[in-house]
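Working notes for the structure below.
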Amino acid sequence: MNPRIAIIGGSGLQALPGLKLVEQIPATTIWGLPSTPVQAGTLDGVELLFLPRHGGARAIPPHRVNYRANIAALAELGARQVFAFNAVGGIDADFPAGTLAVPDQIIDYTWGREHSFWADDTGELLHVDFTQPYDGGARECLLRGARAAGVPVVPRGVYAATQGPRLESAAEIRRLRQDGCDLVGMTGMPEAALAREKNLAYASLALVVNMAAGISAAEITMAEIRAVMAREIPRAVRTLAAAAAHAAGELRTP
Ligand code: HPA
């Protein structure tokens, strides 16, 4: 097997339904161990790698994920295109709970995370272009995949990456809204930037699992989040599978 496509699972997607596992690869990198061994297998006949970023039982919180090891492991195993799944809160009214979106911009509010492969004396310093933080081709695969799977997605969105693991205050969400953010999650960064540093074509499929703090009057509960996930994850998986199939077709015809 030589999969070129990878899927990074997020909250609610610790296992990839439908994945026919061929191999568990205990990857090690100079940055440490990825969240789990990388799973190599086929999804609807498409060869791919799967890595749940929170580990098996969602044990690793967002600020403790070894993003560098995860991205380095996928790159070293030959991934070229990465579809990341992110559970998020909805800030804008266009993104109610249950919405799937393919964000096109990102703002990083995280801190204290190892956010670059060039953080140490590891070689020449690179300032990678991040004007478009998500890869256009990978986004297109997600959008076409969604269309092929008959799954409605919002084809845009500014993703705010917050530190977590707590949810935000209402005032923090008001500030994010003023900054132009539509979605808020805890894992979009530094993952997207690290993927760019490794020259991986990376895009995100974001599932809105709750309205962000203060947007609705109700308190945000894990029960509500889990209920949305249980209902909507199958649509996300269908989209990811169709996106991977589309990407595999493009990689075959360079
Ligand atoms: N805020 C931050 N991250 C999240 C949220 C949220 O409301 N929902 C799911 N991930």
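In my numbering, the protein residues as written are 13 to 266.
Glycine included, every Cβ here is placed at the ideal spot set by N, Cα and C.
All values reported here derive from a predicted model rather than from experimental measurement.
Exercise for review: Drop a sphere of 10 angstroms on the beta-carbon of Pro266, count the other beta-carbons inside from all chains shown, and report buried for 16 or more, exposed for fewer.
Suggested key: As a working mapping, residue 266 is identified with position 254 in the sequence shown. No answer about Pro266 holds up, because its pLDDT of 48 lies below 50 and its placement is not dependable.
Practice item. Look at the Cβ atom of Glu203, then the Cβ atom of Ile83, and state whether they are nearer than 8 Å. Key: Here residue 203 is taken as the residue at index 191 of the sequence shown, counted from 1. Here residue 83 is taken as the residue at index 71 of the sequence shown, counted from 1. Contact: yes.
Point to revise | Between the CA atoms of Leu86 and Glu152 - distance to the nearest angstrom | key: As a first step, residue 152 is located in the sequence shown; it is residue number 140 there, counting from the start. As a first step, residue 86 is located in the sequence shown; it is residue number 74 there, counting from the start. When rounded, the distance between both Cα atoms is 21 Å.
Exercise for review: Taking only heavy atoms of ligand 1 into account, decide whether any of them is closer than 7 Å to the Cβ of Ile83.
Suggested key: What you label residue 83 is simply residue 71 of the sequence shown in a count that begins at 1. No.
Exercise for review: Could I get the ranges of all uninterrupted beta strand (DSSP E) runs contained in the segment 33-113, with 3 residues as the minimum, in chain order?
Suggested key: 50-55, 58-64, 93-102
Review point. Gln26 lies in the alpha helix (DSSP H); which residues open and close that run?
Key: Against the sequence shown, residue 26 aligns to sequence position 14. Unbroken run through Gln26: none, as it is neither H nor E.
Check your understanding: What is the C-beta distance between Leu112 and Arg247, in whole angstroms, given that I count them as a contact (C-beta under 8 Å)?
Key -> Taking the sequence shown and counting its residues from 1, the one referred to as residue 112 is at position 100. Taking the sequence shown and counting its residues from 1, the one referred to as residue 247 is at position 235. Correct: roughly 6 Å between the Cβ atoms.
Point to revise | DSSP three-state assignment for Ile19, whether helix, strand or coil | key: Stepping through the sequence shown from its first residue, residue 19 is reached at position 7. Ile19 falls in the strand class under three-state DSSP.
**Study point:** Exposure of Arg76, with buried meaning 16 or more beta-carbon neighbours within 10 Å
**Key:** Residue numbering aside, residue 76 sits at position 64 when the sequence shown is read from its first letter. Exposed.
**Study point:** C-beta atoms of Ile119 and Val170 nearer than 8 Å
**Key:** Within the sequence shown, the letter at position 107 stands for residue 119. Within the sequence shown, the letter at position 158 stands for residue 170. Taking 8 Å as the Cβ cut-off, Ile119 and Val170 qualify as a contacting pair.
Review point. If we cut at 8 Å on Cβ distances, does Gly169 have a partner in chain C?
Key: Going by chain labels, chain C is absent from the structure shown, which holds only one protein chain.
Review point. Three-state secondary structure (DSSP) at Gln117?
Key: Residue mapping note: residue 117 aligns to position 105 of the sequence shown, counting from 1. Strand.
Exercise for review: Could you spell out the range, first to last residue, of the beta strand (DSSP E) harbouring Gly197?
Suggested key: Locating residue 197 in the sequence shown gives position 185, where the first residue counts as 1. Looking at the DSSP string, the run of the beta strand (DSSP E) that includes Gly197 is 195-197.
Exercise for review: Report back the beta-carbon spacing between Val114 and Leu154 to the nearest angstrom; my notes put them in contact at under 8 Å.
Suggested key: Looking up residue 114 in the sequence shown gives position 102. Looking up residue 154 in the sequence shown gives position 142. About 5 Å; that satisfies the 8 Å criterion.
Check your understanding: Taking the DSSP output, what are the residues bridged to Met223?
Key -> Counting from one through the sequence shown, the residue named residue 223 turns up at place 211. Answer is Gly102, bridged to Met223.
Review point. Val170 by DSSP, collapsed to three states: which one?
Key: If you number the sequence shown from 1, residue 170 lands on position 158. Looking at Val170 - three-state DSSP - the assignment turns out to be strand.
Check your understanding: Of the residues Val58, Leu89, Gly68, which one's Cα is nearest the Cα of Ile1?
Key -> The structure shown has nothing for residue 1, since the chain only spans 13 to 266.
Review point. Beta carbon of Val100: closer than 7 Å to some heavy atom of ligand 1?
Key: Position 88 of the sequence shown holds residue 100. Under cutoff, so the answer is yes.
Review point. What did DSSP end up calling Leu217 once you bin it into helix, strand or coil?
Key: As a working note, residue 217 is residue 205 in the sequence shown. Reduced to three states, the DSSP call for Leu217 is strand.
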